[in-house]
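Engineer:
Written as structure tokens, this is what we have:
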């Protein structure tokens, strides 16, 4: 008898015939598990390549054969080739005619002279490695054994230096949505300023602008250097101290920047910061809250979800807040015209306005 042309009608080889329930669903692939396993190695491959100066060698010399690259790095040729091949697979290098070369990604982000350098960020961004190997215990305790909250010199200063370029580009591009360049002489309060990218962006666009730049004393030294490089240090007042307690005049500012600090503070600390911003702003002034936020569906906000996990692994109370939480807290603090902008990929900013006072509206201000 000829085989049926319709396989679903054949009965001799079904699961039921061999003692298992029939199903037409294939087993789930194991690729997600392998991707995570290989992910650990991928991270350390990138760290190792940066420490070796591999990307800078290709920047300086152009395409190199494995033995040439190894000679420049004073390293084992076979090991260098294995590492560089892995970087090709990761999309961080190209290999043509036996030679390794930078690609668009590594040329832009991973060399010392890159236009948007991220190399310094790679080793510091995940936090201490021991916090990740101790993650299960941290989750049981509800607190990491090695929190970075108070490690200013070892964590926050390198993080500020590594993230400065990215945040500055986002702050500059945000003007297309915020129009701070249209303000005549705005006064900026830059709380937890890091390298002061928001102050630099606004003061660079507004010759009449001034800024109060706040952070811990060690971090303010980074801000001082960046402000001097930008040529705006003479219009800035540096106020060292905790952003929860540093002195701020009431209704004295047109812009308050909370740049990537709320996620370290937990819900109570964030609400307190929003309250401080509201008190410091003039009517009609705006608060700028840049951070990584979570969507209700985790798959729609991977950056925010991974940042929340990193905060859980490395800080005492940090997390990433949902869009709904941040927008509701802004309104609770008295802000209106709440909106979310994204001046560049994965760099999102809540912008909200302090309403004009009733008296001010009556007087026509």
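In my numbering, the protein residues as written are 70 to 434.
Ideal Cβ positions, reconstructed from N, Cα and C, are used throughout, including at glycine.
Roughly how many angstroms lie between the CA atoms of residue 362 and residue 174, to the nearest whole one?
Structural biologist: 25 Å
Engineer: Relative to the C-alpha of residue 285, which candidate in 320, 229, 273 and 340 has its C-alpha closest?
Structural biologist: Per the Cα distances, 229.
Engineer: Is DSSP giving residue 404 helix, strand or coil here?
Structural biologist: coil
Engineer: Might you give, ordered along the chain, the residues of its own chain that have their beta carbon closer than 7 Å to the beta carbon of residue 128, omitting 5 neighbours on each side?
Structural biologist: 171, 180 and 182
Engineer: So residue 323 packs on residue 252, CB below 8 Å; how close in whole Å?
Structural biologist: 6 Å
Engineer: Could you tell me the distance, in whole angstroms, from the CA atom of residue 350 to the CA atom of residue 318?
Structural biologist: 9 Å
Engineer: Below 8 Å, how does it come out for the segment 395–404 and the segment 335–345: are there three or more Cβ pairs, yes or no?
Structural biologist: Yes, since at least three Cβ pairs between the segment 395–404 and the segment 335–345 fall closer than 8 Å, the two stretches touch.
Engineer: Please classify residue 314 as buried or exposed, where buried requires at least 16 other C-beta atoms within 10 Å of its C-beta.
Structural biologist: Exposed.
Engineer: What did DSSP end up calling residue 315 once you bin it into helix, strand or coil?
Structural biologist: coil
Engineer: Among 265, 406 and 416, which one has its Cα closest to the Cα of residue 425?
Structural biologist: 406
Engineer: Just to confirm, is the Cβ distance from residue 329 to residue 236 under 8 Å?
Structural biologist: yes
Engineer: Taking 8 Å as the cut-off, does the segment 233–250 touch the segment 199–207 (at least 3 CB pairs, one atom from each stretch)?
Structural biologist: no
Engineer: Confirm, please, whether the CB-CB distance from residue 272 to residue 262 is below 8 Å.
Structural biologist: no
Engineer: Helix, strand or coil for residue 386? Go by DSSP, reduced to three states.
Structural biologist: coil
Engineer: Can you tell me the Cα-Cα spacing of residue 256 and residue 115, whole angstroms?
Structural biologist: 41 Å
Engineer: When the Cα of residue 390 is compared with those of 414, 306, 335 and 353, which residue comes out closest?
Structural biologist: Relative to the Cα of residue 390, the nearest Cα in the group 414, 306, 335 and 353 belongs to 335.
Engineer: Does the Cβ of residue 387 have 16 or more other Cβ atoms within 10 Å, making it buried, or fewer, making it exposed?
Structural biologist: buried
Engineer: Using a Cβ-Cβ cut-off of 7 Å (strictly less than) and excluding sequence neighbours within five positions of residue 414, which residues of its own chain qualify?
Structural biologist: Nothing meets the Cβ criterion.
Engineer: Go ahead and pull the three-state DSSP assignment for residue 428.
Structural biologist: With a pLDDT of 44 at residue 428, under the threshold of 50, the modelled position of this residue cannot be trusted; read the value that follows with caution. Note: residue 428 maps to helix in three-state DSSP.
Engineer: Would you decide whether residue 433 is buried or exposed? Buried here means 16 or more other CB atoms lie within 10 Å of its CB.
Structural biologist: Interpretation of residue 433 is limited by its pLDDT of 33, a score under 50 that renders its predicted location unreliable; the figure taken from the coordinates is listed afterwards. That one is exposed.
Engineer: Can you look up residue 114 in the DSSP assignment and give me helix, strand or coil?
Structural biologist: Here residue 114 sits in helix by DSSP.
Engineer: So residue 270 is in the alpha helix (DSSP H); what residue range does that whole segment cover?
Structural biologist: 266–274
Engineer: Consult DSSP for residue 124 and reduce its assignment to one of helix, strand or coil.
Structural biologist: helix
Engineer: When DSSP builds the beta bridges, which residues end up paired with residue 447?
Structural biologist: Missing from the structure shown is residue 447; the chain here goes from 70 to 434 and no further.
Engineer: Give me the Cβ distance between residue 109 and residue 142, rounded to the nearest whole Å; I'm assuming they're in contact under 8 Å.
Structural biologist: No, residue 109 and residue 142 are not in contact; Cβ-Cβ is about 23 Å, not under 8 Å.
Engineer: Using the DSSP secondary-structure output, state which residues sit across from residue 369 in a beta bridge.
Structural biologist: Partner(s): none; residue 369 has no beta bridge.
Engineer: My output table needs one value for residue 101: the three-state DSSP class, helix, strand or coil.
Structural biologist: helix
Engineer: Output the distance between the C-alpha atoms of residue 225 and residue 298, rounded to the nearest integer angstrom.
Structural biologist: The alpha-carbon atoms of residue 225 and residue 298 are separated by roughly 21 Å.
Engineer: Ignoring anything shorter than 4 residues or poking outside the segment 204–246, list the alpha helix (DSSP H) runs there in chain order.
Structural biologist: 204–210 and 226–242
Engineer: Kindly indicate which three-state DSSP category residue 329 falls into: helix, strand or coil?
Structural biologist: coil
Engineer: Taking 7 Å as the limit between beta carbons, can you name the residues of its chain near residue 347, skipping five residues before and five after?
Structural biologist: Excluding residues up to 5 positions away in sequence, 402, 403, 404 and 423 lie with their Cβ nearer than 7 Å to the Cβ of residue 347 in the same chain.
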